[in-house]
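Remarks on the structure that follows.
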Amino acid sequence: MPNTVKHSRLADILIRRKLIDRDQFEDRFQSANRSERLLTDTLMAEGLLSESDLAAVLAEQYGLDYDALQDFQVDFEAYPGILPEWMTRYCFAPLHLHEGVLTIAVPTPHDLATLDHLEHLLKMELSLVVAPRSAILQAVKKSERNSKMVARVQDEFRPVLVQEGEEGEEVLSIERINNDQSPVVRLLDTIILNALRKRASDIHIEPTDGSTEVKYRIDGILYLAMEPLDIKFHSTLISRLKVMSELDIAERRVPQDGRFKLRLDKRVVDFRVSILPSAFGESAVIRILAKEEFTTSPKGLHLDSLGMKPEDLRRFRRAITASYGMILVTGPTGSGKTTTLYAAINEVNTKEDKFITIEDPVEYLLKGVIQIPVNEKKGLTFARGLRSILRHDPDKIMVGEIRDAETAQIAIASALTGHLVFTTVHANNAFDVIGRFVNMGIEPYNFVSSLNCILAQRLIRTICPSCKTLVSVTRRQCEEFDLDYDRLKDQPIYEGKGCVECHGLGYLGRQAITEFLALSDPIKALILDRKPTAEIRKAALADGMTTLREAGLEKVLEGRTTLREMNRITFTG
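The opening position of the sequence shown corresponds to residue 214 in this note's numbering, with each subsequent residue numbered one higher.
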């Protein structure tokens, strides 16, 4: 705990400094309910005490030094483990570090709860200096804006833009030999590199009224990546992105889609770009496709690493080892459907079978699998590609997504003629898939005959193990989330407080929660009779199916995620 031992009477200090007289003190002290903390708020509200005066008085009261922080800037490079968002959230600024003791400026040295949390968060002994709150926040904001961390890219990590020639081979662009890079090139490179370091899946560049916001999507949630940039940089930043993606720089009125590659430390990362005109300028989203993420590890990607419920995993493994039929994974965009299919393919792929996939785009490279990227500009759609695949003598097929009736018909026909087909479709749960196929005009008999199973899934954020903390659940919280308080009140519930490992977010990584619907004979009969979804769901639950919400609650009780995250991901009920 920081030393805050010397405690002089507040009245004596205020009167000695001639900030108020004794009559004013007694009058305000009465109205502030005899609380020194409320008294200072009252004096500041009436204009009798400034923020600087308050900081100086508190410094004297607690025997600490006072610093106005004039022209002070935080040296972020000297404290790489301390995040700027922590400084803003807890209102402190690191001044210097000596022999393991970190001196920080704080506005309220009497806030022991915050100081205790800071010591635990920073994992070092603290020494205090008192400064005005506004001066601390301004110093942090100004330092972050001017920090060389954002503006500079180290030479050894400078990305190299890679483009594809007409023949399909990779060709180094002129960017590699251009040593005199402009500031906007370095800025965009830095944004991309920081996104990769923070495990972001998407980068959002959004113009607003007077500024440009850069956001990262990390574990499914958007976070502000840095202080908003001046709007004058926006058009040049988007133009640079268009050059990298080989898009039309002059066209600003219609959406454009493109892609580019960067070579980083002997590996190539693919990026998919979407640019959309908006009220304040063009908005851009960069999707990061780390193709080599799983192929570089010795074991590759397997179903065990996804975090599925053991019973669902056992039933899913049994379904994917069938000799024919359709394995269908469903969920919204970003729910990990493709990753689950890749893991399944990795487990069932043998040298005895020929495996071909058609995807948009090819996200991960799989050894021993022929992977075909969709190219709608050249006329290669899912349906056309799937027809060609069937003439290539495959044993197992993966169709990245069923988007239309034509693709659905061909995939079903493939499953009925002795092929094992892996595919995905967008739906909220396992039962909505049935209605989706019926609306496409697919006859229930064909659909049911071809289908082995439906796996609905979501990705739920897991608590960071480095800052995992036991918390108590309240009755009000359970009522808000529609949960049984009596079931949870004696259970250990955890949350993440935020640390260096998780960049202050409290979460690190994601795991799958699943809803497995096996196409048993009773379920097939209900579908063929076009029974209501509620009746099919009731039969599936009686057959042992676990809903997505129940799977999420199990993750909470296992200490892997939080109640709030479970409620965010799954529907109430």
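Yeah, the Cβ is synthetic: ideal placement off N, Cα and C, and Gly gets one too.
Closest Cα partner of residue i within the set the options
i, options, result
"Ala596", "Asp280, Tyr577, Thr570, Ile434", "Thr570"
"Val343", "Leu331, Thr321, Lys354, Leu328", "Thr321"
"Lys702", "Leu460, Thr687, Gly494", "Thr687"
"Gly648", "Arg743, Arg528, Phe305", "Arg743"
"Ser601", "Ala618, Ile583, Asp617, Lys590", "Ile583"
"Ser496", "Thr425, Lys445, Asp566", "Thr425"
"Ile540", "Val612, Glu589, Ile488", "Val612"
"Ser487", "Gln286, Met457, Leu256", "Met457"
"Leu271", "Leu776, Thr746, Asp225, Gly581", "Asp225"
"Ala628", "Cys666, Val651, Phe484", "Cys666"
"Ile431", "Gly260, Ile706, Gly549, Lys411", "Lys411"
"Thr775", "Thr727, Pro705, Ala535", "Pro705"
"Ile462", "Phe473, Arg472, Lys474, Thr449", "Thr449"
"Ile404", "Ile434, Met439, Trp299, Leu435", "Met439"
"Asn559", "Gly547, Lys455, Ser679, Leu579", "Leu579"
"His311", "Leu335, Met300, Leu339", "Leu339"
"Lys355", "Leu325, Phe285, Gly423", "Phe285"
"Glu298", "Gly711, Arg671, Ala269, Ile615", "Gly711"
"Arg466", "Ser491, Asp288, Arg781", "Ser491"
"Val661", "Gln351, Leu730, Leu315", "Leu730"
"Gly294", "Thr746, Gly433, Lys336", "Lys336"
Own chain partners of residue i with C-beta closer than 6 Å, once the 5 adjacent residues on each side are dropped
i, result
"Ser248", "Low confidence applies here, because Ser248 scores a pLDDT of 48, under 50, leaving its location unreliable and the question unanswered by this model."
"His417", "Lys428, Val498"
"Ser263", "none"
"Leu437", "Lys428"
"Met653", "Ala618, Ala621"
"Arg230", "none"
"Met521", "Ala725, Thr727"
"Ile533", "Ile540, Ala557, Val561"
"Lys550", "Val542, Gly544, Thr637"
"Phe568", "Asn562, Val582, Lys609"
"Asp393", "Residue placement at Asp393 is poorly supported in this model, since its pLDDT is 45, which falls under 50; the coordinates are not used for a value here."
"His309", "Thr316"
Residue range of the alpha helix (DSSP H) that includes residue i
i, result
"Leu331", "325-335"
"Asp415", "Unbroken run through Asp415 is the beta strand (DSSP E), 415-420; no alpha helix (DSSP H)."
"Met653", "Run containing Met653: none; DSSP gives neither H nor E here."
"Glu767", "761-770"
"Thr403", "396-410"
"Asn780", "776-782"
"Leu223", "223-229"
Close beta carbons around residue i, own chain, < 7 Å, minus the five adjacent residues each side
i, result
"Thr594", "Val587"
"Asn391", "Confidence in Asn391 is poor, its pLDDT being 47 and thus under 50, which makes the residue's placement too unreliable to answer from."
"Ile749", "Phe644, Ile736, Leu739, Ile740"
"Leu754", "none"
"Tyr658", "Leu741"
"Glu771", "none"
"Leu603", "Ser627"
The beta strand (DSSP E) enclosing residue i, as first and last residue numbers
i, result
"Val427", "424-431"
"Val787", "Since the first and last residues shown for the chain are 214 and 786, residue 787 lies out of range."
"Ile676", "664-676"
"Ile501", "494-502"
"Lys681", "681-684"
Whole-Å CB distance - residue i paired with residue j, under 8 Å assumed
i, j, result
"Leu232", "Asp266", "6 Å"
"Glu708", "Thr675", "Going by Cβ atoms, the distance from Glu708 to Thr675 rounds to 12 Å, so no, they are not a contact pair."
"Phe493", "Pro420", "4 Å"
"Leu516", "Leu526", "6 Å"
"Leu633", "Tyr537", "6 Å"
"Met758", "Val769", "No, Met758 and Val769 are not in contact; Cβ-Cβ is about 19 Å, not under 8 Å."
"Asn642", "Leu761", "7 Å"
"Leu721", "Cys691", "No, Leu721 and Cys691 are not in contact; Cβ-Cβ is about 26 Å, not under 8 Å."
"Pro574", "Arg480", "Actually they do not touch by this definition, with Cβ atoms about 17 Å apart."
"Leu282", "Ala348", "4 Å"
"Arg700", "Thr783", "Actually they do not touch by this definition, with Cβ atoms about 16 Å apart."
"Tyr275", "His323", "7 Å"
Sequence-distant residues of its chain with Cβ nearer than 8 Å to residue i (five each side left out)
i, result
"Ser733", "Asp756"
"Leu599", "Ile571, Ile610, Val612, Thr620, Ile623, Ala624, Ser627"
"Asp606", "Lys567"
"Asp278", "Ala272, Val342, Val343"
"Arg235", "Ala224, Ile228"
Short CB-CB distance (under 8 Å) between residue i and chain C
i, result
"Leu502", "Protein chain content of the structure displayed is limited to a single chain, and chain C is not contained in it."
heavy atom of the ligand ADP below 7 Å from residue i C-beta
i, result
"Asp470", "Only the bare structure without any ligand can be found here, which leaves the ligand ADP out of the picture."
Q. Can you list the alpha helix (DSSP H) stretches of 4 or more residues lying completely in the segment 693-757, in chain order?
A. With a minimum length of 4 residues, the continuous alpha helix (DSSP H) runs that stay inside the segment 693-757 are 698-701, 734-741, 746-755.
(Q) So within the segment 266-315, which uninterrupted beta strand (DSSP E) runs reach at least 3 residues, ignoring any that extend past its ends? (A) The segment 266-315 contains these whole beta strand (DSSP E) runs: 306-311.
Q. Taking the runs of the alpha helix (DSSP H) that are 4 residues or longer, which of them lie wholly in the segment 517-567?
A. DSSP runs (the alpha helix (DSSP H)) wholly in the segment 517-567: 523-533, 550-561.
**Q.** Start-end ranges of the beta strand (DSSP E) lying completely within the segment 570-634, minimum 3 residues
**A.** Within the segment 570-634, the beta strand (DSSP E) runs of at least 3 residues that lie entirely inside it are, in chain order, 583-586, 609-612.
Q: Please specify which runs of the beta strand (DSSP E), each continuous and at least 3 residues long, are wholly inside the segment 433-485, giving them in chain order.
A: If one requires a minimum length of 3 residues, the beta strand (DSSP E) runs lying completely within the segment 433-485 are 434-437, 469-477, in chain order.
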